[in-house]
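Undergrad: Residue numbers 336 to 493, in my numbering, belong to the letters of the sequence shown in order.
Before I ask anything, here is the structure I am working with.
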Amino acid sequence: HELGHKADRLNILFGTLANCAVGYAHFRVEHSRGHHTWVATPEDPASARFGESIYAFATRELPGAFKRGWRNEAERLTRRGEPVWSVNNEILQGFALTFVVAAILIALFGWKVAPFIVAHHFLGWYALTQANYVEHYGLLREKLPNGRYQAVEPRHSW
336 HELGHKADRL NILFGTLANC AVGYAHFRVE HSRGHHTWVA TPEDPASARF
386 GESIYAFATR ELPGAFKRGW RNEAERLTRR GEPVWSVNNE ILQGFALTFV
436 VAAILIALFG WKVAPFIVAH HFLGWYALTQ ANYVEHYGLL REKLPNGRYQ
486 AVEPRHSW
């Protein structure tokens with residue numbers, strides 16, 4: 336998560352690899368291009384609402400983050416005149432890497448490793464979900480008369 340916030344390519348690469356290791360390839364795209372814009376608003380699936388349980392939050396956050404990440408990546412590629420389903424799609428690149436790692440593990444250890452891969456992915460997803468839940472629980476930015484939200488401040492993150 337934190338490596339994805341860095342400006343240099345090496346840290347971004349390591350952050351992306353860590354996300355791909357748990358099958359969460361869309362995270363960096365969604366987090367940097369979606370969550371940072373919409374944090375502490377009802378439009379942000381990665382901001383827990385006041386009174387929302389972690390379990391309700393997880394069922395909203397996991398699919399919501401993937402959908403927004405995919406939409407943001409599709410918009411980026413469309414602006415560049417590239418097809419969404421291409422080798423330049425960062426989410427597809429990440430899921431391809433996730434698949435390759437899983438395939439290598441299965442080739443080395445057999446199908447008996449598959450439940451461990453699934454459990455590893457689930458625990459990684461849930462760890463990121465817990466972090467978002469704790470960091471943004473109940474925080475809400477005010478909607479201004481012009482329909483926009485107030486600027487993001489540190490108090491909207493913790």
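The beta carbon of each residue, even a glycine, is placed where N, CA and C say it ideally should be.
Keep in mind that this is a model prediction, so the values were computed, not measured.
State the Cα-Cα distance for the pair Cys355 and His361, rounded to the nearest angstrom.
TA: 8 Å
Undergrad: If you draw a straight line from the C-alpha of Leu345 to the C-alpha of Leu338, how long is it?
TA: Within the model, the alpha-carbon separation for Leu345 versus Leu338 is close to 9 Å.
Undergrad: Taking 8 Å as the limit between beta carbons, can you name the residues of its chain near Asn407, skipping five residues before and five after?
TA: Val364, Glu365, Arg368, Gly369
Undergrad: Residues in the same chain with beta-carbon distance under 6 Å from Leu432, minus the five sequence neighbours each way, listed in chain order, please.
TA: Cys355
Undergrad: In the DSSP assignment, find the unbroken alpha helix (DSSP H) run with Trp493 in it and report its ends.
TA: Note, Trp493: premise wrong, no alpha helix (DSSP H); not H, not E.
Undergrad: Would you mind reading off the limits of the alpha helix (DSSP H) that contains Asn346?
TA: 344-356
Undergrad: Classify Lys478 as helix, strand or coil using the three-state DSSP reduction.
TA: Strand at Lys478.
Undergrad: My output table needs one value for Tyr359: the three-state DSSP class, helix, strand or coil.
TA: Tyr359 falls in the coil class under three-state DSSP.
Undergrad: Label Ser492 either buried or exposed according to how many other C-beta atoms from any shown protein chain fall within 10 Å of its C-beta, with 16 as the threshold for buried.
TA: exposed
Undergrad: Among Phe430, Pro377, Arg414, which has the Cα closest to the Cα of Phe401?
TA: Phe430
Undergrad: Need the endpoints of the alpha helix (DSSP H) that Trp506 sits in, please.
TA: Lying outside 336 to 493, the shown extent of the chain, residue 506 is not represented and no answer is given.
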